[in-house]
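Participant: Note that this note's numbering numbers the sequence shown so that position 194 is 195, with each residue one more than the last.
Just passing along the structure, written as structure tokens.
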Amino acid sequence: MRRQGVLQKDAPVTCAQLRIVQFSYLDFDGKLRNDGEIMVLAAVAEHVQAIFDTLLQRKFPIARARLMDHYRGDDVASMRDNNTSAFNDRRITNGKAASLHAYGVAIDINPVQNPFLQFEADGKAAYSPPIGSKYANRLAVRPGKATRQGMAEDVVEVFAQHGFLGWGGNWDAPIDYQHFQVNRTLAERLLALPVPDARKVFNAYVERYRSCVQTRKEADRTVAQATCATSLERNGQ
2 MRRQGVLQKD APVTCAQLRI VQFSYLDFDG KLRNDGEIMV LAAVAEHVQA IFDTLLQRKF
62 PIARARLMDH YRGDDVASMR DNNTSAFNDR RITNGKAASL HAYGVAIDIN PVQNPFLQFE
122 ADGKAAYSPP IGSKYANRLA VRPGKATRQG MAEDVVEVFA QHGFLGWGGN WDAPIDYQHF
182 QVNRTLAERL LALPVPDARK VFNAYVERYR SCVQTRKEAD RTVAQATCAT SLERNGQ
């Protein structure tokens, strides 16, 4: 990975803390593909496997899922190829801090259908990848138009049910529709533990979220889900 620019010398994780999750998926032509690969922190790998198994069951399409080695760690190239990915030892966009992708606890899904959106000083919106501007309107069903598939809004709760409570589509600026993540405090805690212990901590975190959602009284389940996600994220659990 170092030769491909995916893992740097000062990376926050070691190779021993990472796992490759292999999975099958439906592409946008409805064809079953068996070549899906994504690299994540070992502690969350079982839940990531469950996420993609669920996406297949729901017939949620994915364009492709290749390891970032294929793109030599180039996030722009990966997005333009509409590649679903996770681990990549890089900084946050336009920042200095390590991205949660560098921890193996962030997943970007279908970047074309779910672009990264930032606003220039004059208020103009800039889309990454640029073709993602076609998905500025986030409605999947619109009068007189074909239903659009592969949009992250359809699977926010799938990711949340497996511990990825942070969704970039909820941000004000920038907005990152493709991006799902575990919070940084929890990520750093997982990294500090041996893999078996980290896995137990993450499983317990997932169960706290599920239990919270089940006990909420709101008629609108999205309110319950948002309340529970906010509570766990705020407490850095």
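Glycine residues also receive a C-beta, built at the ideal position from the N, C-alpha and C atoms.
Between the stretch 152-166 and the stretch 11-31, can you find at least three pairs of beta-carbon atoms closer than 8 angstroms?
Facilitator: No: fewer than three Cβ pairs fall under 8 angstroms.
Participant: Note down, one range per segment and in chain order, each alpha helix (DSSP H) of at least 4 residues found wholly within the stretch 121-191.
Facilitator: Those alpha helix (DSSP H) runs which fall completely within the stretch 121-191 and span 4+ residues are 157-161.
Participant: Within the chosen definition, does the stretch 143-161 reach the stretch 121-131 through at least 3 CB pairs nearer than 8 angstroms?
Facilitator: They do not touch, by the three-pair rule.
Participant: Relative to the C-alpha of residue 59, which candidate in 43, 33 and 84 has its C-alpha closest?
Facilitator: Residue 59 sits at position 58 when you count from the first residue of the sequence shown. Selected option, being the one with the closest Cα: 33.
Participant: Do residue 188 and residue 101 have their C-beta atoms closer together than 8 angstroms?
Facilitator: Locating residue 188 in the sequence shown gives position 187, where the first residue counts as 1. Locating residue 101 in the sequence shown gives position 100, where the first residue counts as 1. Taking 8 angstroms as the Cβ cut-off, residue 188 and residue 101 qualify as a contacting pair.
Participant: Would you tell me roughly how many angstroms separate the C-alpha atoms of residue 170 and residue 16, rounded to the nearest one?
Facilitator: Within the sequence shown, numbered from 1, the residue matching residue 170 stands at position 169. Within the sequence shown, numbered from 1, the residue matching residue 16 stands at position 15. Their Cα atoms are separated by approximately 30 angstroms.
Participant: Report buried or exposed for residue 168, applying the criterion of at least 16 other Cβ atoms within 10 angstroms of its Cβ.
Facilitator: Here residue 168 corresponds to residue number 167 of the sequence shown, with the count starting at 1. Buried: at least 16 other Cβ atoms inside 10 Å.
Participant: If you scan the stretch 37-77 from start to end, which runs of the alpha helix (DSSP H) of 4 or more residues do you find wholly inside it?
Facilitator: Listed in chain order, they are 46-58.
Participant: With a threshold of 16 other CB atoms inside 10 Å of the CB of residue 176, please say whether the residue is buried or exposed.
Facilitator: The residue you call residue 176 lines up with position 175 of the sequence shown. Its Cβ being crowded by 16 or more others within 10 Å, residue 176 is buried.
Participant: Among 110, 83, 207 and 106, which residue has its Cα nearest to the Cα of residue 91?
Facilitator: The residue labelled residue 91 in the question sits at position 90 within the sequence shown. Answer by Cα proximity: 106.
Participant: Tell me whether residue 39 is buried or exposed, calling it buried when 16 or more other Cβ atoms sit within 10 Å of its Cβ.
Facilitator: What you label residue 39 is simply residue 38 of the sequence shown in a count that begins at 1. By the 10 Å Cβ count, residue 39 comes out buried.
Participant: Could you give the first and the last residue of the continuous beta strand (DSSP E) run that contains residue 19?
Facilitator: By one-based count along the sequence shown, residue 19 stands at place 18. Taken as a continuous stretch (DSSP letters only), the beta strand (DSSP E) holding residue 19 covers 19-27.
Participant: According to DSSP, is residue 88 part of a helix, a strand, or is it coil?
Facilitator: In the sequence shown, counting from the first residue as 1, residue 88 sits at position 87. Three-state DSSP puts residue 88 in coil, outside helix and strand.
Participant: Taking one C-beta from the stretch 103-119 and one from the stretch 70-81 each time, how about it: are there three or more such pairs within less than 8 angstroms?
Facilitator: They touch, by the three-pair rule.
Participant: Leaving aside the five residues before and after residue 234 along the sequence, list all residues of the same chain whose C-beta is less than 8 angstroms from its C-beta, in chain order.
Facilitator: For the purposes of this step, residue 234 is identified with residue 233 of the sequence shown, where counting begins at 1. Hits under 8 angstroms: 166, 167 and 184.
Participant: Pull up the DSSP beta-bridge partners for residue 108, would you.
Facilitator: Here residue 108 refers to the residue found at position 107 when the sequence shown is read from its first residue. The partner list for residue 108 (beta bridge, DSSP) reads 181.
Participant: Express the C-alpha separation of residue 11 and residue 71 in angstroms, rounding to a whole number.
Facilitator: Translated into positions along the sequence shown, residue 71 becomes position 70. Translated into positions along the sequence shown, residue 11 becomes position 10. Taking the straight line joining both Cα atoms gives about 21 angstroms.
Participant: CA-CA distance, residue 213 and residue 182?
Facilitator: Within the sequence shown, the letter at position 212 stands for residue 213. Within the sequence shown, the letter at position 181 stands for residue 182. Going by the C-alpha atoms only, they are around 19 angstroms apart.
Participant: Please classify residue 197 as buried or exposed, where buried requires at least 16 neighbouring CB atoms within 10 angstroms.
Facilitator: Against the sequence shown, residue 197 aligns to sequence position 196. Exposed is the call here.
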